[in-house]
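One structure below.
Numbering (UniProt numbering), first residue to last: 1 to 407.
Written as structure tokens, this is what we have:
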């Protein structure tokens, strides 16, 4: 399943990038970059929840991007035309037009619910995406001519945004617990399934169904356990180091002797076989500059695309800063890998130059962008043995340990 979702996420990112940038080339480039990212590749071959979470987060983002386009098109269609047939901004239309049921926003709520049912840190993503969607609505009504866009959004859009996300996501989350909810409450069912009928008797919440009170208790216990988890681990890392791939996680390692388990008979010494959850280094290091670029585009150029990309990165990364003392790992970063790839694609688009640039500017930009993309692709191929557990001579393995913290 993770392999299927990993493959679909690449195709999904191509479509999202194409819609975001209005460029087939940049959209496909974003997908291609994720296809050659080592962390995404390894997580797509590993049965961990984070890769599944990444897919649903990306799907929710894509649904919101489509919803934004549909809402703006509906507003534009409602605007009146002047005597020359030119559509002009109109305050009354911009502030009073209803945008309909907005099915893509409801679908985004479903995807966020599935993400939440996969892993709880999707809650931060849901909050960030809701704020982003509201700001997009504000921008749409402002462009259409609204004098008080925030008030218009509060009256016309906030309710549907809330209903399409929070209740839908919560309902989807509860449905994901169906197996546990339907299990027997006599002690032979799911973990803590009978808590409300035993230790949880009495109190102020007895009017709620037993299964709901038991589920709340179960999740409270899980939360308390994970928030307090701080036991040292060899591969734990601080989220500050994630963007530079400071401490990847080794999922598998062995040292086969020559002639065994793929180690060449003439190797002379033992080989190394490893599966290392490491993002393609040159891609991630380029992404560090790309993140700065999209922040600049968002803060100083008011580029909504840059703001959307920054929102995805921040929602997947910054919440972990609150838990730096906990036992957390670099592979959690796979959730915002698609947004890093979008950031790099956007930066490469800037390197290529805007349409209408001079020939010299375009040639130099194309050469620079081409070199960067080829280096990233080569880097993925170079680290391929570490992503697939292929046996290589120990000296070749050492040559790939570019940082001491990768060992």
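Virtual Cβ for every residue (Gly too), placed ideally from N, Cα, C.
Any chance the CB of residue i is under 7 Å from a heavy atom of the ligand FMN?
i           : result
residue 220 : Ligands in the displayed structure: none, and consequently the ligand FMN is not present.
Let me know if residue i comes out buried or exposed under the rule of 16 or more other beta-carbons within 10 Å of its beta-carbon.
i           : result
residue 397 : buried
residue 395 : exposed
residue 50  : buried
residue 109 : buried
residue 37  : buried
residue 313 : buried
residue 201 : exposed
residue 321 : exposed
residue 257 : exposed
residue 376 : buried
residue 273 : buried
residue 230 : exposed
residue 253 : exposed
residue 141 : buried
residue 371 : exposed
residue 198 : exposed
Within the same chain, show all residues whose beta-carbon is closer than 7 Å to that of residue i, passing over the 5 residues directly before and after it, in chain order.
i           : result
residue 17  : 26, 27, 30, 31, 342, 345
residue 248 : 276, 277, 278, 330, 406
residue 177 : 215
residue 12  : 58, 59, 62
residue 123 : 116
residue 366 : 352
residue 147 : 91
residue 70  : 104
Just verifying my parser: in three-state terms, what is the DSSP assignment at residue i?
i           : result
residue 274 : strand
residue 313 : helix
residue 383 : coil
residue 322 : helix
residue 150 : helix
residue 286 : helix
residue 398 : helix
residue 205 : coil
residue 230 : coil
residue 213 : helix
residue 329 : coil
When DSSP builds the beta bridges, which residues end up paired with residue i?
i           : result
residue 191 : Note: residue 191 sits in no beta bridge, so no partner.
residue 252 : 275
residue 392 : 272
Residues in the same chain with beta-carbon distance under 8 Å from residue i, minus the five sequence neighbours each way, listed in chain order, please.
i           : result
residue 79  : 87, 88, 89, 90, 93, 94, 144, 145
residue 2   : 43, 44, 45, 46, 47, 48, 51, 52
residue 8   : 55
residue 132 : 64, 307, 308, 311
residue 211 : 181, 185, 193, 196
residue 270 : 255, 256, 257, 258, 263, 394
residue 295 : 306, 310
For residue i, which residues from the same chain have a beta carbon less than 6 Å from its beta carbon, with the 5 sequence-adjacent residues on both sides left out?
i           : result
residue 136 : 68
residue 282 : 375, 376, 379
residue 24  : 18
residue 298 : 306, 307, 310
residue 403 : none
residue 242 : 330, 333
Check: For the UniProt domain "ArnT-like N-terminal" (2-137), which segments carrying the beta strand (DSSP E) assignment without a break, of at least 3 residues, lie completely within its bounds, in sequence order?
Finding: none
Item checked: Completely contained alpha helix (DSSP H) runs for the stretch 150-188, where each covers 4 or more residues -> 158-175, 178-181
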